[in-house]
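**Q** Below is a structure I'd like to ask you about.
Residue numbers (the numbering used here): 2 to 126.
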C-alpha cells in the first residue's frame, strides 16, 4: 500500500525521521534513505562497531547513567576519533529508532532528528 501524507519512516543510515513525499508515492514501501548522501554512505562496519560500543558502554554503567558519543568514537577510532563523531551521533539515532537508547540534552529526552549541540546517550526508560 502506498504511503500517505503524514506517514513517517526512519532513515536506515542516519536515523532521522523522513516524512512522506509526493515523489515517493509509488515506492514508499521501498524507501530506506532520506537522501542521496545517506544512500551513498549506507551503514558500514564502523557504524555497526559504534552501535555495539555504545551498547557495551551503557551495559557497564549504572542504569540511569549516560555516555557522550565521543566515548564510543574514541574506542572505535583511536587517534582518529574526531572523524567518528558524526557517525557516533548517527549510530545513537539508529539505536533510538530501535527503542534501545534515548538521546538527552540537559537531562531531558530530545528528538534525535532535530537535536543540535552536545548530546548524551542513555538506556531507554
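Idealized CB from N, CA, C, for every residue including glycine. Predicted, not measured: the structure shown is a model, and the values here were computed from it.
(1) Run the CB neighbour count on residue 119, radius 10 Å, all protein chains shown included, and call it buried at 16 or more, exposed below.
(2) Compare the Cα-Cα distances from residue 19 to each of 96, 33, 100, 85 and report the closest residue.
(3) Tell me whether residue 54 is buried or exposed, calling it buried when 16 or more other Cβ atoms sit within 10 Å of its Cβ.
(4) Leaving out five residues before and five after residue 59 in sequence, what residues of the same chain have Cβ atoms less than 6 Å from its Cβ?
(5) Closest to residue 70 by C-alpha separation, out of 63, 64, 50, would be which residue?
(6) In chain order, what residues of the same chain lie with their CB nearer than 7 Å to the CB of residue 111, ignoring the 5 residues before and after it?
(7) For residue 52, is the classification buried or exposed, using 16 other Cβ atoms within 10 angstroms of its Cβ as the cut-off for buried?
(8) Taking 8 Å as the limit between beta carbons, can you name the residues of its chain near residue 17, skipping five residues before and five after?
(9) With residue 102 as the anchor, note down where its beta strand (DSSP E) starts and where it stops.
(10) Within 10 angstroms of the Cβ of residue 73, are there 16 or more other Cβ atoms? Answer buried if so, exposed if not.
(11) Which residue from 39, 76, 48 puts its Cα closest to that of residue 90?
**A** Working from what's here:
(1) exposed
(2) 33
(3) buried
(4) 124
(5) 50
(6) 104, 105
(7) buried
(8) 11, 35, 94, 113, 114
(9) 102 to 106
(10) buried
(11) 48
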